[in-house]
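**Student:** Straight run, no breaks: the sequence shown in numbering that gives the first Met the number 0 ends on number 423.
The beta-carbon is built from N, C-alpha and C at its ideal position, and this holds for glycine as well.
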Amino acid sequence: MKKILGTVAMSAAVLGLMGCAEDRSSEGGSGGDNEELNFWVFGATNYEELAAQYMEENPDVKIKVNFTEMGDLHNNLFTAVSSNSGAPDITMIEVSQISKFLDAQDRFHNLYDFGAEEVKGDYLDWKWNIGQSADGEFLMGLPTDIGPSVMYYRKDVFEEAGLPTEPEEVQPLVSDWAGFEETAKIIHDKTGKMMVDTPETLFAAKRDQAPEQYFNTEDELIIDESPYVKQAYDDTAKMIQEDLVGQNAMWTPEWGNAMAEGSYGALLAPAWMVASIKGNAPDASGDWGIVQMPERAGNWGGSYIAIPKESDQPEEAYEFVEWLVAPERQLESFKDSGMFPSAPSVYEEEEFANTSDEYFGGQNTAQIFAEAAESVEPIYMGKNYSIVHDELMTALTNVASEGTDPQAEWDAAVERIKSQLERQ
């Protein structure tokens, strides 16, 4: 996701972050009438336009939106809150990073202190709960977008394999993983093409349906004793060995080219992947369709907006944040930037409910994603999520690209994970 959404004004972002810290240093804090609220943002959002609208409606408030790449934002934020120096007044935090920053919640304002309880009912329960502490007493951030996952598929590949191509006919074929694998075998036998072109999306789809992932709520690694992640890994490795999964790493040129050429049957991915599909395959309009994920959707991506403790304008910051992520603005963000709403009342709005996309054969994509979103169940990700995920992806990539033994790769990955966790 960060590769798609993060390449926005990098030079300006770096200067902006430096300027933010320098302003704080020279002025001795962020207080004072009409001082700018510094807002750190990553990805393709319409937050700069919405901030301008808010300032027009509230002329006593100034907001400076600083864009940077997702990984850099989180690294800069962690450094700033750790040193109590240079943090912004407002910041986005991606869902996979939220546990890491909840571990340092004393460096952030508790949004319940500003009345966030009053708007809790506006958002999907699972999305809200991920943004708060385990005891429910501390709220790190208000919800922004989400990434409900679906199955995008190539109609032309299904047709070449002699399979149905319309969504209402494809859905029963892949209603569960057994059907998905059988469909994959037909496509490979008839066309020589893979069902999916990268191990990561298949593994993530299966993993995200599990009731637990890498850590328990005490941040203890559980992949040795919990069966779910290992099962997702084994299932993915099995399909790799059956030549049903390709070896292209996500975000590489080869991955984008495969998307454009229709060299595989399906892409298991979140709502925000629409932008990448259209960007990589602009000439494939009508060749792509969308159905629900086998068995159940998971969530991949989405963010929260938090207020670091260093800000001494938290009331003003909170008022803006609450306004920014209110259902009305989430609808605007969806229309302008494709950010899928975490406020379910938006799903009932006529402007949303009647959204169709000719690229996907005129399907009502918004309703498909909404149905997926409402089936998601919350999963605790853990503050060291990325360590585990990256190592397991290395293992599966080796299986796909080098034909190595899956169990040996798993064992080596677990050892690397444990070694890294010991140093945290």
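Helix, strand or coil: how does DSSP classify glutamate 35 here?
**Tutor:** In this structure, glutamate 35 counts as strand in the three-state DSSP scheme.
**Student:** Is phenylalanine 41 helix, strand or coil by DSSP?
**Tutor:** Looking at phenylalanine 41 - three-state DSSP - the assignment turns out to be coil, as it is neither helix nor strand.
**Student:** From what residue to what residue does the alpha helix (DSSP H) around phenylalanine 214 run?
**Tutor:** First-last for phenylalanine 214: undefined, no H or E at that position.
**Student:** Taking alanine 259 as the reference, which of Leu267, Lys277 and Phe339 has the closest Cα?
**Tutor:** The shortest C-alpha separation from alanine 259 is found at Lys277.
**Student:** Output yes or no for whether 8 Å exceeds the beta carbon distance between glutamine 423 and asparagine 363.
**Tutor:** No, Cβ-Cβ distance for glutamine 423 and asparagine 363 is not below 8 Å.
**Student:** Taking a contact to mean a Cβ-Cβ separation below 8 Å, would you say alanine 236 touches glycine 297 in this structure?
**Tutor:** It is not a contact, given that the beta carbons lie outside the stated cut-off.
**Student:** From what residue to what residue does the beta strand (DSSP E) around phenylalanine 66 run?
**Tutor:** It spans 61-66 - the beta strand (DSSP E) in which phenylalanine 66 sits, taken as one unbroken run.
**Student:** Starting from asparagine 75, trace the alpha helix (DSSP H) in both directions and tell me its first and last residue.
**Tutor:** From DSSP, the alpha helix (DSSP H) with asparagine 75 extends over 69-82.
**Student:** Should the segment 275-292 be called in touch with the segment 247-262, which here means at least 3 C-beta pairs below 8 Å?
**Tutor:** Contact between the segment 275-292 and the segment 247-262 is present, because at least three Cβ pairs lie under 8 Å.
**Student:** Closest by CA to isoleucine 129, which one among Glu390, Tyr379 and Gln406?
**Tutor:** Nearest option by C-alpha distance: Tyr379.
**Student:** If you compare alpha carbons, which of Leu391, Asn57, Gln96 and Glu56 is closest to asparagine 75?
**Tutor:** Checking every option, the nearest Cα to that of asparagine 75 belongs to Gln96.
**Student:** What is the C-beta distance between isoleucine 89 and alanine 372, in whole angstroms, given that I count them as a contact (C-beta under 8 Å)?
**Tutor:** That belief does not hold up - the Cβ atoms of isoleucine 89 and alanine 372 are roughly 25 Å apart, past 8 Å.
**Student:** Given this structure, state the Cα-to-Cα distance separating aspartate 404 from isoleucine 92, to the nearest angstrom.
**Tutor:** Distance between the alpha carbons of aspartate 404 and isoleucine 92: 37 Å.
**Student:** Nearest to glutamine 208 by CA position, among Glu350, Tyr232, Glu158 and Trp127, is which residue?
**Tutor:** For glutamine 208, the nearest C-alpha among the options comes from Tyr232.
**Student:** Thinking C-alpha only, which one of Glu414, Gly360, Ala50 and Thr354 is nearest tryptophan 322?
**Tutor:** Ranking Glu414, Gly360, Ala50 and Thr354 by Cα distance to tryptophan 322 puts Ala50 first.
**Student:** Identify whether glycine 140 lies in helix, strand or coil by the three-state DSSP scheme.
**Tutor:** The answer is strand: DSSP assigns glycine 140 an E or B state.
**Student:** On the three-state DSSP scale, how would you describe tyrosine 122?
**Tutor:** Note: tyrosine 122 maps to coil in three-state DSSP.
**Student:** Residues in its own chain within less than 7 Å of glutamine 104 by CB, not counting five upstream and five downstream?
**Tutor:** For glutamine 104, where only same-chain residues beyond five positions count, the Cβ hits under 7 Å are Ser132, Phe137 and Met139.
**Student:** Would you decide whether aspartate 410 is buried or exposed? Buried here means 16 or more other CB atoms lie within 10 Å of its CB.
**Tutor:** Looking at its Cβ environment, which holds fewer than 16 other Cβ atoms inside 10 Å, aspartate 410 is exposed.
**Student:** Which ranges would you report for the beta strand (DSSP E) in the segment 264-333 if only whole runs of at least 3 residues count?
**Tutor:** Whole beta strand (DSSP E) segments, 3+ residues: 265-269, 287-291 and 298-305.
**Student:** Can you check which of these residues, Glu294, Phe100 and Leu110, is closest to alanine 427 by C-alpha distance?
**Tutor:** This structure does not reach residue 427, given that the chain is present from 0 up to 423, and the question cannot be answered.
**Student:** Three or more beta-carbon pairs under 8 Å between the segment 181-197 and the segment 239-256, yes or no?
**Tutor:** Yes, since at least three Cβ pairs between the segment 181-197 and the segment 239-256 fall closer than 8 Å, the two stretches touch.
**Student:** Beta carbon of asparagine 256: closer than 7 Å to some heavy atom of the ligand ZN?
**Tutor:** By its list of ligands, the structure shown contains no ligand whatsoever, and the ligand ZN lies outside what it can speak to.
**Student:** Do you know whose CA, among Glu47, Thr182 and Gln291, lies nearest threonine 67's CA?
**Tutor:** Residue Glu47 is the option with its Cα nearest to threonine 67.
**Student:** What separation, rounded to the nearest whole angstrom, lies between the Cα atoms of asparagine 353 and proline 147?
**Tutor:** The straight-line gap from Cα to Cα measures roughly 19 Å.
**Student:** For arginine 106, which residues from the same chain have a beta carbon less than 6 Å from its beta carbon, with the 5 sequence-adjacent residues on both sides left out?
**Tutor:** Taken in chain order, the residues that qualify are Val80 and Lys308.
**Student:** When you compare only the Cα positions, how much space is there between threonine 78 and serine 84?
**Tutor:** Computed Cα separation, rounded: 8 Å.
**Student:** Given valine 64, which residues of its chain have a CB within under 8 Å of its CB, disregarding the five upstream and five downstream residues?
**Tutor:** Excluding sequence neighbours, valine 64 sits near Phe38, Val40, Tyr46, Glu47 and Ala50.
**Student:** So, is alanine 412 buried or exposed, given that buried needs 16 or more other C-beta atoms within 10 angstroms?
**Tutor:** Alanine 412 is buried by the Cβ-count criterion.
**Student:** Between the segment 111-127 and the segment 324-341, can you find at least three pairs of beta-carbon atoms closer than 8 Å?
**Tutor:** A contact exists between the segment 324-341 and the segment 111-127.
**Student:** For valine 387 versus tyrosine 227, is the C-beta distance shorter than 8 Å?
**Tutor:** Their beta carbons are not under 8 Å apart, which means valine 387 does not touch tyrosine 227 by this criterion.
**Student:** Near glutamate 224, what residues of its chain come up, given a Cβ to Cβ distance below 6 Å and the 5 sequence neighbours on each side ignored?
**Tutor:** Counting only Cβ-Cβ distances below 6 Å, and skipping sequence neighbours, we find nothing.
**Student:** Taking DSSP as the reference, what is the three-state secondary structure of asparagine 109?
**Tutor:** Asparagine 109 falls in the coil class under three-state DSSP.
**Student:** So, for aspartate 175: in the same chain, excluding its five sequence neighbours on each side, which residues have a beta-carbon less than 7 Å away from its beta-carbon?
**Tutor:** If we look at aspartate 175 and ignore the five residues flanking it on each side, its Cβ neighbours are Pro293 and Glu294.
**Student:** Please state if the CB of threonine 200 and the CB of asparagine 247 are separated by a distance shorter than 8 Å.
**Tutor:** No. Outside cutoff.
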